[in-house]
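Colleague: Heads up: take any position in the sequence shown, counting from 1, add 287, and you land on the working numbering. The C-beta atom is built at its ideal place from N, Cα and C for all residues, glycine as well. All of these numbers come straight from a predicted model, not from anything done at the bench. Here's a structure for you.
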Amino acid sequence: ADFRASGDPRAEDIELLLRKYPSLRIAYVSPWPPPRPAAGAAGSKAGDGEVRVFSRPGVLPVLYTTLSRADQDSGQVVVDAEVALPGSPFLGEGKPENQNLAIPFAFGERLQVIDMNQEGYLEEALKMRNLLQEFAVVEQGRPPCTIVGFTEHIFTAASGFVTAIYMALQERYFCSFHQRVAEVPLDVRMHYGHPDVLDKVHFMSRGGISKPSKEVNLNEDVFAGYNTTLRGGSIVFREYTSVGKGRMTNLTEIYFFEVKLAQGAAEQCLSRDVYRLSRTLSLPRLLSFYYSGLGFYFHQVLVMRVTILIGYLITLLVLVDLDGSVLPESAKSIGFTAFFPLVITLATIVPA
288 ADFRASGDPR
298 AEDIELLLRK
308 YPSLRIAYVS
318 PWPPPRPAAG
328 AAGSKAGDGE
338 VRVFSRPGVL
348 PVLYTTLSRA
358 DQDSGQVVVD
368 AEVALPGSPF
378 LGEGKPENQN
388 LAIPFAFGER
398 LQVIDMNQEG
408 YLEEALKMRN
418 LLQEFAVVEQ
428 GRPPCTIVGF
438 TEHIFTAASG
448 FVTAIYMALQ
458 ERYFCSFHQR
468 VAEVPLDVRM
478 HYGHPDVLDK
488 VHFMSRGGIS
498 KPSKEVNLNE
508 DVFAGYNTTL
518 RGGSIVFREY
528 TSVGKGRMTN
538 LTEIYFFEVK
548 LAQGAAEQCL
558 SRDVYRLSRT
568 LSLPRLLSFY
578 YSGLGFYFHQ
588 VLVMRVTILI
598 GYLITLLVLV
608 DLDGSVLPES
618 AKSIGFTAFF
628 PLVITLATIV
638 PA
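As structure tokens, this is what we get:
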């Protein structure tokens, strides 16, 4: 609505997509139209033809979420449904706000949210029936399944860039090996983004599929996993299906992506969800949960600092001629290959 009012060319692009794909729907927020005032009141047409502005001091404009589509006969963008909002939905992070505003218009009991850098394959879509059946499986002593996760295929690795191949290998490790172990036996697999399938009824009664608070919910997707773990749900991970996903192909984008993950892990520690999980999880799950989040980054800092410290200490021992008395005899016979990581460490601590 803002694009169309301001003459932004993106409005034409959106309308083109709606006409090209008749099944596409777009949800957005618009101000509630003011009620029709009585003659002579604010908002009515005066005798000179001027329209007075309808307003009430101290009252914020009412907002509502709208679902739009393209009419197949006329080609015009029409409104399918409108839901009035109790207040302003803009809390900070735009992505979770958009997701939660679109939930009321989703049909069915299950919900799958796809990012704009993902794509589906026909042969994988045929497995959706099996994936939905995972929600019907009831395991004794385990809460009902509310999130079903599965793997992703990084198609940007075919571009040939070294950085793209690196990101594909990293995602392959995280989306397969890490999450496989996080589910069984650690039981700390959370919701790390899309394309997980969620129980819509479960999440609509528990605040939505993600949280949009500024900064604290920087990694908004993972809070869906925290939410369902705290409120009677469970998460499973399956590897018989996948969707395509595009990742960064240059070092700058990769750097900022890693920075976002690290900052989000730190901000999670300020949330009530992590506090409540730390008070309710058993010790094995709590330790696994710690290392799968902030603990990973904390330990990486320790490893890097200790590695540099060891390089300085060995250099100091050599300078004062105490390496022979401190280092064991077996260390003296080790070849250059074994000491090569130490050489790299020394090279990184030398000032440029």
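Leaving out five residues on either side along the sequence, give the residues of the same chain with a beta carbon under 7 angstroms from the beta carbon of residue 469.
Modeller: To locate residue 469, count along the sequence shown from 1; it is residue 182. Closer than 7 angstroms at Cβ, skipping near neighbours: 475, 476 and 579.
Colleague: Do you know whose CA, among 524, 500 and 495, lies nearest residue 515's CA?
Modeller: As a working note, residue 515 is residue 228 in the sequence shown. Residue 515 has its Cα closest to that of 495, out of 524, 500 and 495.
Colleague: If we count Cβ pairs, one from each stretch, closer than 8 angstroms, do we get three or more for the stretch 520-535 versus the stretch 392-405?
Modeller: Cβ pair count under 8 angstroms is three or more, so yes.
Colleague: Taking the alpha-carbon of residue 560 as reference, which of 519, 537, 576 and 513 has the nearest alpha-carbon?
Modeller: The residue you call residue 560 lines up with position 273 of the sequence shown. Residue 513 is the option with its Cα nearest to residue 560.
Colleague: Whole angstroms are fine: how far does the CA of residue 399 sit from the CA of residue 485?
Modeller: As a working note, residue 485 is residue 198 in the sequence shown. As a working note, residue 399 is residue 112 in the sequence shown. Residue 485 and residue 399: Cα-Cα distance of roughly 6 angstroms.
Colleague: What residues match up with residue 365 in a beta bridge as DSSP calls it?
Modeller: Taking the sequence shown and counting its residues from 1, the one referred to as residue 365 is at position 78. BP columns for residue 365 point to 356.
Colleague: Would you decide whether residue 510 is buried or exposed? Buried here means 16 or more other CB atoms lie within 10 Å of its CB.
Modeller: Looking up residue 510 in the sequence shown gives position 223. With 16 or more Cβ atoms within 10 Å of its Cβ, residue 510 is classed as buried.
Colleague: Cα separation between residue 316 and residue 358?
Modeller: Start at 1 with the first residue of the sequence shown, and residue 316 comes out as number 29. Start at 1 with the first residue of the sequence shown, and residue 358 comes out as number 71. For residue 316 and residue 358, the distance between alpha carbons rounds to 20 angstroms.
Colleague: Would you report the Cα separation of residue 329 and residue 374, rounded to the nearest angstrom?
Modeller: Taking the sequence shown and counting its residues from 1, one reaches residue 329 at position 42. Taking the sequence shown and counting its residues from 1, one reaches residue 374 at position 87. Caution applies to residue 329, whose pLDDT of 38 falls short of 50 and renders its modelled position unreliable; the value that the coordinates give is listed next. If you take the alpha carbons of residue 329 and residue 374, they lie about 24 angstroms apart.
Colleague: How would you label residue 498, buried or exposed, when you count the other beta carbons within 10 angstroms and need 16 or more for buried?
Modeller: Numbered from 1 along the sequence shown, position 211 holds the residue referred to as residue 498. Classification for residue 498: buried.
Colleague: What whole-angstrom Cβ distance do residue 487 and residue 396 have, given they're in contact under 8 angstroms?
Modeller: In the sequence shown, residue 487 corresponds to position 200, counting from 1. In the sequence shown, residue 396 corresponds to position 109, counting from 1. Yes, residue 487 and residue 396 are in contact; Cβ-Cβ is about 6 angstroms, under 8 angstroms.
Colleague: Would you mind stating whether residue 353 and residue 450 have Cβ atoms separated by less than 8 angstroms?
Modeller: Against the sequence shown, residue 353 aligns to sequence position 66. Against the sequence shown, residue 450 aligns to sequence position 163. Result no, Cβ atoms of residue 353 and residue 450 do not sit closer than 8 angstroms.
Colleague: Beta-carbon within less than 8 angstroms of residue 418's beta-carbon, same chain only, minus the 5 sequence neighbours each way: which residues are those?
Modeller: Taking the sequence shown and counting its residues from 1, the one referred to as residue 418 is at position 131. The residues are 435, 437, 484, 525 and 528.
Colleague: Roughly how far, in whole angstroms, is the beta-carbon of residue 563 from the beta-carbon of residue 517, given that I think they are within contact range, below 8 angstroms?
Modeller: As a first step, residue 563 is located in the sequence shown; it is residue number 276 there, counting from the start. As a first step, residue 517 is located in the sequence shown; it is residue number 230 there, counting from the start. So it is a contact: roughly 6 angstroms between Cβ atoms.
Colleague: Can you have a look at residue 542 and say buried or exposed, based on whether 16 or more other CB atoms are within 10 angstroms of its CB?
Modeller: The residue labelled residue 542 in the question sits at position 255 within the sequence shown. Exposed, by the Cβ-count rule.
Colleague: Per DSSP, what are the beta-bridge partners of residue 546 in this structure?
Modeller: Here residue 546 refers to the residue found at position 259 of the sequence shown. Paired residues: none, contrary to the question.
Colleague: Taking DSSP as the reference, what is the three-state secondary structure of residue 263?
Modeller: Here the chain covers residues 288 to 639 and nothing more, so residue 263 does not appear.
Colleague: With 16 as the cutoff for other CB atoms within 10 Å, does residue 296 come out buried or exposed?
Modeller: Sequence index remark: in the sequence shown, residue 296 carries index 9 (1-based). Residue 296 is exposed by the Cβ-count criterion.
Colleague: Curious, which full-length beta strand (DSSP E) runs of at least 3 residues does the stretch 362-430 contain?
Modeller: Qualifying beta strand (DSSP E) stretches, in chain order: 364-371 and 397-399.
Colleague: Taking the alpha carbon of residue 365 as the reference point, which residue from 379, 377, 314 and 382 has its own alpha carbon closest?
Modeller: Here residue 365 corresponds to residue number 78 of the sequence shown, with the count starting at 1. Ranking 379, 377, 314 and 382 by Cα distance to residue 365 puts 314 first.
Colleague: Less than 7 angstroms between C-beta atoms, sequence neighbours within five positions excluded: which residues of the same chain meet that for residue 550?
Modeller: Reading the sequence shown from its first residue, position 263 is the one you call residue 550. The answer, listed in chain order, is 505.
Colleague: Tell me which residues share the same chain as residue 304 and place their Cβ nearer than 7 angstroms to its Cβ, disregarding the 5 neighbours each side in the sequence.
Modeller: Position 17 of the sequence shown holds residue 304. Hits under 7 angstroms: 311.
Colleague: Quick one: what's residue 438 bridged to in DSSP?
Modeller: Walking along the sequence shown from the start, residue 438 turns up at place 151. BP columns for residue 438 point to 529.
Colleague: So is residue 433 buried or exposed if we call it buried at 16+ other beta carbons inside 10 Å?
Modeller: As a working mapping, residue 433 is identified with position 146 in the sequence shown. Answer is buried; the Cβ neighbour count reaches 16.
Colleague: I'd like to know whether the C-beta atoms of residue 556 and residue 589 end up nearer to each other than 8 angstroms.
Modeller: Here residue 556 is taken as the residue at index 269 of the sequence shown, counted from 1. Here residue 589 is taken as the residue at index 302 of the sequence shown, counted from 1. Not a contact, by the Cβ cut-off of 8 angstroms.
Colleague: At what residues does the beta strand (DSSP E) containing residue 509 begin and finish?
Modeller: For the purposes of this step, residue 509 is identified with residue 222 of the sequence shown, where counting begins at 1. From DSSP, residue 509 is part of no beta strand (DSSP E) but of the alpha helix (DSSP H) over 509-517.
Colleague: Using the beta-carbon count (16 or more within 10 Å), is residue 586 buried or exposed?
Modeller: One-based indexing of the sequence shown puts residue 586 at position 299. Under this definition residue 586 is an exposed residue.
Colleague: From residue 439 to residue 566, what distance separates their C-alpha atoms?
Modeller: Along the sequence shown, one-based indexing puts residue 439 at 152. Along the sequence shown, one-based indexing puts residue 566 at 279. Rounded to whole angstroms, residue 439 to residue 566 spans 33 angstroms at the Cα level.
Colleague: Looking only at DSSP bridge pairs, what is residue 350 linked to?
Modeller: For this step, residue 350 is matched to residue 63 along the sequence shown. Its beta-bridge partners are 318.
Colleague: On the CB-based measure, 16 or more other CB atoms within 10 Å of its CB, does residue 539 come out buried or exposed?
Modeller: The residue you call residue 539 lines up with position 252 of the sequence shown. Residue 539 comes out exposed.
Colleague: Take residue 355 and list the residues in its own chain whose beta-carbon comes closer than 6 angstroms to its own, dropping the five residues that flank it on each side.
Modeller: For the purposes of this step, residue 355 is taken as residue 68 along the sequence shown, with counting starting at 1. Only 313, 364 and 366 meet the Cβ criterion.
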